[in-house]
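Protein chains in written order, with the working numbering: chain D, 17 to 376; chain H, 9 to 521.
From the three backbone atoms N, C-alpha and C, an ideal C-beta is built for every residue, glycine too.
All of these numbers come straight from a predicted model, not from anything done at the bench.
Worksheet: one structure, shown below.
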Amino acid sequence: MRRFDVDDLKDVAVGAAVLGTGGGGDPYIGKLMAMQAIRAHGPVEVIGVDELDDDAVVAPAAMMGAPTVMVEKLPNGTEIVTAFRSLEEYLGRPITAVLCGEAGGLNSTVPFIVAAELGLPLVDGDGMGRAFPELQMVTFTMHDVPATPMVMADDKGNSVLLHTIDNRWTERLARSATIEMGGAALIAFYAMDGRTAKRAVVRGTVSLAADIGRTIREARATRRDPIEAVQARVGAHKLFSAKILDVDRRTVGGFARGEALLEGVDDDAGRSFRIQFQNEFLVALEDDDVLVSTPDLITLLDADTGEAITTESLRFGFRVVALGIPSDPQWRSDEGLALVGPRYFGYDIDYRPVEDRVGT
Amino acid sequence: MIRIGIDVGGTNTDAVVMSDRSVLHSVKTATTEDVMSGVLAALQGVLEGSSIDRSEVDVVMIGTTHFTNAVVQRRDLAPTAAVRLGLPATASLVPMVDWPVDLRESIGNHAYLAHGGHEFDGREISALDPEELRRIAADIAAKGIRTVAVSSVFSPVNTEMEKRARDILQESLPDAHFTLSSEIGRIGLLERENAAIMNACLRDLSRKTVRAFREALAGAGLDAPFFLTQNDGTLMSAETAEAFPVLTFASGPTNSMRGAAFLSGIKDAIVIDVGGTTTDIGALVSGFPREASVAVEVGGVRTNFRMPDVFSIGLGGGSRVTIDPVRVGPQSVGYRLTQEAHVFGGEVLTATDVAVAAGRANIGDPERVRTVDAVLVQEALAVMVAMVERAVERMRLTPEPVPVIVVGGGSILVPDRVGDLNVIRPEHFAVANAVGAAIAQISGEVDRVFSLAEMPRDEAVARAKAEAIERAIQAGADQDSTQVVDVDDVPLAYLPGNATRIRVKAVGDLSVA
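So, in structure tokens, the structure goes:
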């Protein structure tokens with residue numbers, strides 16, 4: 017058990033941006049809300065998944081919708097508790113612990129809000145170990161945990177209870193309800209018992225986000241290289257140091273798609289790289305050779321500050337260090353690759369683990 | 009046309025007199041506590057030095073960091089009411105929630121939430137409630153607050169709610185100043201609202217300061233119209249500056265970049281402004297500073313102003329040089345350079361000493377640095393070059409070679425080449441900021457989300473362009489010279505109906521009747 021206080025949330029937000037692999041939304045709003053909830057209700061207890069009773073009831077909390085809406089139409093603040101309460105009502109049993117759905121980006125901070133307000137422990141883990149764009153892209157799906165019953169709640173007090181035949185249908189129906197709700201909603205879903213959580217959860221990712229954030233903060237304070245420190249903490253493979261030469265963006269099928277061209281610098285001078293993204297960075301290449309692909313994490317860090325760079329802020333001239341971080345082993349299975357492998361996103365690439373592609 | 013440009017900085021007030029495109033004379037004076045007497049001294053100095061008759065002066069342009077400094081130092085800020093329309097949304101984070109506590113307290117922390125606001129697609133979140141607003145107005149009046157900021161969800165897309173709320177509040181608060189968030193910022197509620205509140209709390213100071221400028225001009229015997237420069241390097245009338253003081257927040261670095269462009273005749277370049285403690289590096293695109301795309305903090309408050317994208321490094325003429333390993337800055341002797349540096353008889357090894365020891369410059373007494381270890385000098389120079397090169401690479405716009413323009417008092421620290429780029433040192437480089445103020449233009453800007461389900465993209469862009477040009481002309485630009493200088497459209501991912509955010513900027517020369 018580890019207690020998370022107001023200042024820990026700052027580290028979580030910085031670390032979650034690293035796990036966000038360029039996407040996942042800006043954690044700023046969620047961080048402010050979580051810090052406020054902790055100030056009002058006290059620190060959040062973060063527990064290991066093994067500390068759960070087998071018959072515990074756990075459910076993840078998340079925000080769904082467009083990041084551009086979330087920075088403008090802030091939540092009322094009661095939505096997530098409404099969603100949790102209605103889900104409990106439908107389940108007929110109280111939820112005993114909160115889970116994180118997505119440890120990368122803004123959804124790293126949302127579970128802290130509900131955990132603080134309801135006085136529930138938060139399980140140290142999530143369903144991705146990173147960020148992905150769609151609701152069914154969680155390890156829970158592979159363990160046959162249905163996303164529904166799911167409750168989505170909006171700022172006006174509306175809530176929707178979904179019951180679907182599979183998790184991809186949940187994504188479709190929830191996405192259109194989100195749009196009607198004004199582009200953003202808070203959701204409680206994937207309720208499961210403790211026994212299932214122990215199999216299905218990507219472990220330790222909440223404290224990992226906090227540790228990454230703290231590592232960057234401490235390295236900067238003591239003038240050590242924050243990138244080397246992050247690399248050591250997460251077992252990342254350094255892909256290259258480079259400068260961004262060009263960024264080509266377009267919106268296709270509701271995704272912010274595009275490609276960044278990079279030119280190697282320092283030890284990598286003379287080499288040229290590309291990174292392809294759809295909300296998140298999905299494939300990194302040198303010339304036409306794949307260096308890393310989804311589901312392994314591709315993270316771009318600012319060469320000076322060590323802070324993660326998002327797809328929206330990619331710009332000519334940025335000096336970056338690209339890291340490849342091995343994904344959770346569950347994603348490397350056939351079922352995992354069917355959900356989030358390169359072919360799901362339309363790339364004609366066979367997945368190979370980052371450590372095999374780029375060595376150590 | 010005879011113009012006077014003035015830059016009121018934290019340390020120096022500089023002034024230049026220009027006849028059309030040539031600089032006739034320039035002076036540097038100390039900035040004074042009351043601002044007015046420093047400006048007056050600078051004005052009198054350049055008028056005498058240039059022997060221009062006062063009646064010949066057509067226009068005066070002033071750039072100032074006075075309002076930024078007021079926020080940073082938490083002084084002269086008025087008690088302010090922040091009224092936000094958006095209930096039932098947005099209640100989770102009240103206005104000023106992310107401000108430093110001391111700044112929030114210094115303006116009274118008066119935040120009000122009311123119904124209203126729009127969804128991303130134009131629907132109302134809830135209807136405006138006039139009774140609710142009248143109750144809020146009564147409370148504001150009872151507290152004796154005379155300046156109000158109004159924000160509303162998605163007001164950059166639809167400004168109507170903020171205007172209606174202002175009209176209702178004003179009925180009960182006839183003497184109050186109002187700042188609407190849609191007049192200042194873009195999408196991003198907290199940042200835009202922060203800008204509106206900071207603007208509102210500066211309204212008393214802006215009235216006083218603009219009056220001080222007016223008095224300084226009158227004191228110098230000038231009856232020419234005067235303008236202030238804003239963040240994007242363009243002008244606003246004294247009346248606009250009085251109503252929107254936040255628009256001056258980053259005019260300092262902007263003016264030095266624009267001045268650098270003018271003095272060198274180059275429109276696309278990297279500009280290095282070397283001061284005593286820091287060096288600001290920015291990028292010029294078509295003669296204007298490139299704007300920052302991320303939230304910029306002012307006095308600890310997150311904002312989304314139109315700010316130049318400036319990268320600052322801790323390198324200046326007064327930077328301390330330390331050994332093992334060799335480091336230059338970020339500590340600096342600052343304004344004490346002329347006492348503490350070796351070349352001025354002091355005991356501190358500074359970046360200026362290194363430049364003199366390497367034969368780059370002839371400042372103070374070069375004999376005093378003769379004993380400095382030659383290896384150390386070479387190493388320190390290499391460190392300085394690497395710092396500048398790295399920062400320039402960061403701000404560079406294209407892989408093609410672009411020129412580098414160096415301005416500011418510490419420009420001797422920059423070598424004649426930075427990486428593969430040529431360095432240009434224009435004449436009058438020390439007063440580039442006042443020159444930048446003198447040559448400022450007028451702009452009009454549009455930043456809005458268009459639904460491409462309702463009209464084709466070309467039409468949306470055309471509408472935005474026409475509106476930006478109209479806004480520039482209304483702001484005082486000469487019709488013939490006004491043109492669109494920037495169009496940027498960002499498709500909003502995840503949203504249906506092809507919502508696209510279009511930003512357009514139009515700029516024209518000041519029309520002088």
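Counted within 10 angstroms of its Cβ, other Cβ atoms place residue i as buried (16 or more) or exposed
| i | result |
| --- | --- |
| Tyr-502/H | Here the model assigns Tyr-502/H a pLDDT of 48, short of 50, so the residue's position is not dependable, and the following value carries that caveat. Buried, since its Cβ has 16 or more Cβ neighbours within 10 Å. |
| Asn-370/H | exposed |
| Met-153/D | buried |
| Met-9/H | exposed |
| Val-30/D | buried |
| His-179/D | exposed |
| Glu-408/H | exposed |
| Glu-351/D | exposed |
| Leu-107/D | exposed |
| Asp-15/H | buried |
| Ala-237/D | exposed |
| Asn-430/H | exposed |
| Gly-357/D | buried |
| Lys-259/D | buried |
| Gln-487/H | exposed |
| Glu-375/H | exposed |
| Asp-175/H | exposed |
| Met-395/H | buried |
| Ile-192/H | buried |
| Gly-367/H | exposed |
Expected contact under 8 Å - CB spacing of residue i and residue j to nearest Å
| i | j | result |
| --- | --- | --- |
| Leu-317/D | Glu-323/D | 7 Å |
| Ser-264/H | Asp-281/H | 5 Å |
| Val-126/D | Val-97/D | With a Cβ gap of about 12 Å, Val-126/D and Val-97/D do not count as contacting. |
| Ile-413/H | Ser-272/H | 5 Å |
| Gly-39/D | Asn-295/D | 4 Å |
| Leu-151/D | Met-80/D | 7 Å |
| Arg-344/H | Gly-337/H | Contact flag wrong, Cβ pair sits at about 15 Å. |
| Leu-384/H | Ile-331/H | 6 Å |
| Val-336/D | Ala-354/D | Contact doesn't hold; Cβ gap of about 31 Å is too wide. |
Of the residues the options, the one placed nearest residue i, counting alpha carbons only
| i | options | result |
| --- | --- | --- |
| Arg-8/H | Ala-440/H, Leu-210/H, Ala-291/H | This structure gives no information on residue 8/H, because the portion of chain H shown stretches from 9 to 521. |
| Arg-479/H | Asp-455/H, Leu-460/H, Asp-466/H, Met-463/H | Asp-455/H |
| Val-167/D | Gln-292/D, Leu-48/D, Ala-75/D | Ala-75/D |
| Leu-134/D | Glu-61/D, Val-28/D, Phe-156/D, Met-197/D | Glu-61/D |
| Ala-201/D | Glu-127/H, Ala-203/H, Ala-228/H, Gln-178/H | Glu-127/H |
| Ala-32/D | Ala-276/D, Leu-277/D, Thr-84/D, Ile-232/D | Ile-232/D |
| Glu-64/H | Gly-295/H, Met-244/H, Asp-231/H, Ile-450/H | Asp-231/H |
| Pro-96/H | Glu-104/D, Val-73/D, Thr-94/D, Ile-203/D | Thr-94/D |
| Ala-438/H | Gln-449/H, Gly-444/H, Val-431/H, Gly-417/H | Gly-417/H |
| Val-176/D | Asp-209/D, Ile-203/D, Asp-24/D, Glu-187/D | Ile-203/D |
Chain C contact for residue i (CB, 8 Å cutoff)
| i | result |
| --- | --- |
| Lys-259/D | Going by chain labels, chain C is absent from the structure shown, which instead holds the protein chains D and H. |
Distance CB(residue i)-CB(residue j) smaller than 8 Å
| i | j | result |
| --- | --- | --- |
| Ile-289/H | Val-400/H | yes |
| Met-69/H | Thr-237/H | yes |
| Phe-128/D | Ile-111/D | no |
| Leu-121/H | Val-102/H | yes |
| Phe-147/D | Gly-36/D | The displayed chain sequence assigns Ala, not Phe, to residue 147/D. Their beta carbons are under 8 Å apart, which means Ala-147/D touches Gly-36/D by this criterion. |
| Ala-132/D | Ala-53/D | yes |
| Ile-195/H | Ala-90/H | no |
| Tyr-363/D | Leu-277/D | no |
| Met-26/H | Gly-13/H | yes |
| Gly-145/D | Thr-221/D | yes |
| Leu-323/H | Val-362/H | no |
| Val-161/H | Glu-88/D | yes |
| Ala-268/H | Pro-87/H | no |
| Val-67/H | Leu-518/H | yes |
Original post:
Which full runs of the alpha helix (DSSP H) of 4+ residues lie inside the region 109-152 of chain H, going along the chain?
Top reply: Taken in chain order, the complete alpha helix (DSSP H) segments of 4 or more residues contained in the region 109-152 of chain H are 109-114, 138-150.
Original post:
In chain order, which beta strand (DSSP E) runs of at least 3 residues are fully inside the region 24-88 of chain D?
Top reply: Counting only runs of 3 or more residues that sit fully inside the region 24-88 of chain D, the beta strand (DSSP E) segments are 60-63, 73-81, in chain order.
**OP:** Ignoring anything shorter than 4 residues or poking outside the region 182-240 of chain H, list the alpha helix (DSSP H) runs there in chain order.
**Re:** Correct list: 197-209, 211-227.
Subject >> Those runs of the beta strand (DSSP E) which lie wholly inside the region 286-323 of chain D and span at least 3 residues >> reply: As far as the region 286-323 of chain D is concerned, its whole beta strand (DSSP E) runs of at least 3 residues are 288-294, 296-302, 305-309, 313-318.
Original post:
What residue ranges within the region 128-187 of chain D form continuous beta strand (DSSP E) runs of no fewer than 3 residues, ordered along the chain?
Top reply: Within the region 128-187 of chain D, the complete beta strand (DSSP E) runs of at least 3 residues are 166-169, 175-178.
**OP:** Enumerate, from N- to C-terminal direction, the unbroken alpha helix (DSSP H) stretches of 4 or more residues contained entirely within the region 48-100 of chain H.
**Re:** Taking 4 residues as the shortest admissible run, the region 48-100 of chain H contains the following complete alpha helix (DSSP H) segments, listed from N- to C-terminal end: 74-80.
**OP:** Identify every run of the beta strand (DSSP E) within the region 193-265 of chain D, keeping only runs that are complete inside it and at least 3 residues long; order them along the chain.
**Re:** Runs of the beta strand (DSSP E) inside the region 193-265 of chain D: 200-204.
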